Structures are given as C-alpha cells and as structure tokens.
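So the sequence shown is numbered by this note's numbering: it starts at 53 and just counts up by one. See structure below.
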Amino acid sequence: MGYVKVDSSKRRQEMRFTLPRDIYHGENALEALKTFEGKKAFVCVGGGSMKRFGFLDRVVQYLQETGMEVKLFEGIESDPSVDTVMKGAKEMLDFGPDWIVAIGGGSPIDAAKAMWIKYEYPECSFEDMCKVFGIPTLRKKAKFCAISSTSGTATEVTAFSIITDYEKGIKYPIADFEITPDVAIVDPALAQTMPKKLVAHTGMDALTHAIEAYVSTANCDYTDPLALHAIEMIRDDLVDSYNEDKEARNAMHNAQCLAGMAFSNALLGIVHSMAHKTGAVFGDLGAHIIHGAANAMYLPKVIAFNAKDETAKKRYVKIADVIGLSGNNDDDKVKALIAYLRGLNEKLNIPLCIKNYGADSYPTEQGFVPENVFLERLHDIAVNAVGDACTGSNPRQPSVEEMEKLLKCCYYDTEVDF
C-alpha cells in the first residue's frame, strides 16, 4: 500500500470527534485484557516501574490467558527517539502481532503509536508520519490498546504522539485520528506508583491540555464540557494528589483522561508548541526541560499573550469563573487566573521561568540554561515553535518576532505587554 497524504484543512473542517472504541476505567480495569481476542500481542513498556509493581506481569498473564502469544519490547526511554521507534517497528514486523499493547506513561504509548504506523506501512518514513492528519488507514494488521500509568499525557485516548529527534534536538508531534487507540485502560492502581515530582509535572500537563483545548480555535460543544470539568477536577485534586492523598490521585487519573479527550479533538496551542521546541534543545547542557514543567512555566505567559484576543479573553474568564476566581472585570479575572497558575506552580515546586529551571526540574537561583546560550538559540527555537503542529489552533497567531519576545518572557519571567 502506498502512503497517501490527507488534506489536513479538510479533516479539520469536518469537525470530527474521535475517542477510543472502549475505555475501561476504575478499580481492576486492567482485567479487561482477559476479554481480548487475537493470536499475538506485542507489549511495549518503558522503565522498570511497571515490572517492579507487578503490572507488566499481570498484563502478560491476562493476555496469555486468552491464548495469545506475547512478545515484550522493554526499556523505551523517556521522550522516545526516532531510533527507538524504528527498532520497535522492525521487531513488530518480525513478530506479526494483531494486538499492540502499550503500558506506562506517555513515552511507551507514544513510541508504540509511531511503531504501529511503521508496522502497518513499512515504507512510511518518520517525515511522512509527521504530516499533520496525513496518516493512511491503520488496523489492517493490528489493533491498539493503551494502558496509562501517569496522570497527564492522556495519550491513551488521543490522536497524538510525541517523538524526539535527538540529532536536531526537537520534539515532533504526530497528529492523526488514525492513531487514537482502539482500547484505553485507565486503572487508578497504576497511578498510585507515581513519585511526587511526576505527579506535579503530569498534573500541570493535564491542566494545560484542558485550558488550551477550551480556548483553541477548534473547540466545539463536544469538547468544552470535557475541558471545563477536567479543570474543575484538577482544581480540586491536583495539590492533594501531589501530597499523596490516594483518592485525589485516583480522581486525577480520570481528570487527565477527560482533558485528553478534549484536546485530542479540539487540539492545543502555543504552550505546547514552545514546550516541544525547548524540551530537548538544551540537552547538550544537561538541561532537558521536562514537558510538564515546560507547560507549567509557559502557560501563564501564553494566557497573557492570547488574552489580547477578545474571544480568547472571554474563554479565559469562563475558566476563572469555573475555578472560582474573582475580579471586577474581565481583565481582572484573566490576571487572577495567571496568578492562580503561578501559585499552583509554587505549591508543586515547579520553577516560574527557564532561567530558574535547575537540577531535577526544581527552582534554583541559577538554572541549567545560561542566558548567552538561550539567546544564541532563541531565533531557531522561535522559528520551530511557530511552525509546530499545535500553533495553528492557537487563538492568536504569533509572528517569529512575537514568539521570540514571548520566549524571552518565559526565560526571564517578565510581563507580556505585546
């Protein structure tokens, strides 16, 4: 089968709303694997946590109980690379599964989605995969099940995958409804294994998803309720989840999934464009900016930028109302929302700007990214961010010059006045 490019503008005009065929959630949702029918399952997993806590063994056991032969692909790194995707796809081709099962955080699930494309279309290059809404029809060889262990990316229900080209220092979003999983399993027991820092980062990622989906130019009546309810839940449960409250941790696992359903259909904005293009670009300095932390730092600045658009401003005001923030007028409420998010970052021990982004993502007076290096790379980062797939649905379209100014505000923690 040849690779067929699909017109992305036409796809968006259709106002399509796509979710997994089945979402299993709640206690013991993992047991849904016992109902699968097939001959071979290829299981993708990341580091050791899913194995350490026994979840990987349960996945293999449940699949084998159905009579399936199971092959593991282990050790998928955080922020998976193009090389990992190509290696996994080759092993898939050799094994020939009719089910692909990915368990863990966003990284193994994202990597498995990209492997799935290459498995079904071996001639498809990574550049082909990155053509927005240009993936050919999948499911000719295999179905896909995603089992989330973190409460942020929501990749178990989305049409997105983020893969890193380490040679270029750039994260690339793959975006197409074809890679929306067939089955999502959202079992809260897996989320209980997250360390506190991961709770903070994934929680702010989820909040960014919900806010960007609500103000996106592709929002609609189907996505708005999901985004707003996710925002309410995150307001109620994120800090308590960070402070190791079990019930709040369970609630956040659902909240992030709702936010994922919203943004997968309403798309995102330039918070994610900037996070994608700054995440790995300082890697040579030992300064990998973790995605959730990047979103947390950039979100208040982007709100100030986008609120110059009246339609976006009214939507931010609605978010402020849902959260319960007060103000004498719309401008006051937008400022209150920005202040609320900055306060949330402080409660979660996340820096407020790149300049103070230090070891293990914690705030420090002198961060990992020196000013001279940031300024040297600023223009290229801005160009790449403007060209990111998430920029098109942002309510205010930045020029490269405006993106440079916005990134400077995110570095120095200065006011956005343009």
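Using N, Cα and C, we set each Cβ at its ideal position, and we do this for glycine too. Small disclaimer: the values here were computed from a predicted structure and weren't measured.
Opening and closing residue of the alpha helix (DSSP H) in which ASP298 lies: Here residue 298 turns out to be Lys, not Asp, going by the sequence shown. Note, LYS298: alpha helix (DSSP H), 298-318.
CB contact flag (GLY90, ASP150, <8 Å): yes
C-alpha gap between PRO403 and PRO450, whole angstroms: 25 Å
contact_flag[the region 312-332, the region 264-284] where n(CB pairs < 8 Å) is 3 or more: yes
Delimiting residues of the beta strand (DSSP E) encompassing LEU124: 121-125
Own chain partners of SER445 with C-beta closer than 8 Å, once the 5 adjacent residues on each side are dropped: SER268, THR269, ALA270, ALA318, LEU319, LEU320 and GLY321
Whether MET102 touches SER201 by CB criterion (8 Å): yes
As assigned by DSSP and simplified to three states, the class of HIS77: strand
Whether VAL354 touches LEU280 by CB criterion (8 Å): no
Per DSSP, the bridge partner or partners of TYR409: PRO415
Own chain, CB closer than 6 Å to LEU115, minus 5 neighbours either side, in chain order: LEU85, ALA93 and VAL122
As assigned by DSSP and simplified to three states, the class of SER133: strand
Expected contact under 8 Å - CB spacing of ARG448 and PHE357 to nearest Å: 6 Å
Per-residue DSSP class, three states only, for SER378: coil
GLY99 versus GLU126, THR87 and PHE105, residue with shortest Cα-Cα distance: GLU126
Sub-8 Å separation of CYS197 and TYR224 beta-carbons: no
Selection from LEU337, ALA327, ILE263 and PRO72 that minimises the alpha carbon distance to VAL438: ALA327
Sufficient close CB pairs (3 or more, under 8 Å) joining the region 209-216 to the region 249-257: no
Rounded Cβ spacing between CYS405 and ASP465 (contact assumed at less than 8 Å): 4 Å
Residues near GLY156 by beta carbon distance below 7 Å, same chain, minus five either side: VAL97, GLY98, MET102 and SER201
Nonlocal neighbours in the same chain, by C-beta distance under 6 Å from ILE152, ignoring five residues either side: PHE94, ALA164, TRP168, ALA194 and PHE196
Buried or exposed by the 16-neighbour rule on C-beta atoms within 10 Å, applied to ASP228: buried
Residue range of the beta strand (DSSP E) that includes TYR224: 222-227
8 Å Cβ cutoff met for TYR294 and GLY255: yes
Residue of GLY335, ASP289 and CYS462 minimising C-alpha distance to LEU400: ASP289
Residues that DSSP places opposite SER200 in a beta bridge: GLY156
Coil, strand or helix - CYS96 by DSSP: strand
Proximal residues to ARG367 (C-beta, below 7 Å), its chain only, five neighbours per side dropped: TYR266 and VAL267
Among SER133, ASP135, ASP146 and VAL134, the one whose alpha carbon lies nearest that of LEU124: ASP146
Contact belief for THR245 with PHE105 at Cβ below 8 Å, rounded distance in angstroms: 5 Å
Enclosing alpha helix (DSSP H) for THR260 [first to last residue]: 248-267
Alpha-carbon spacing of ILE222 relative to ALA262, whole angstroms: 24 Å
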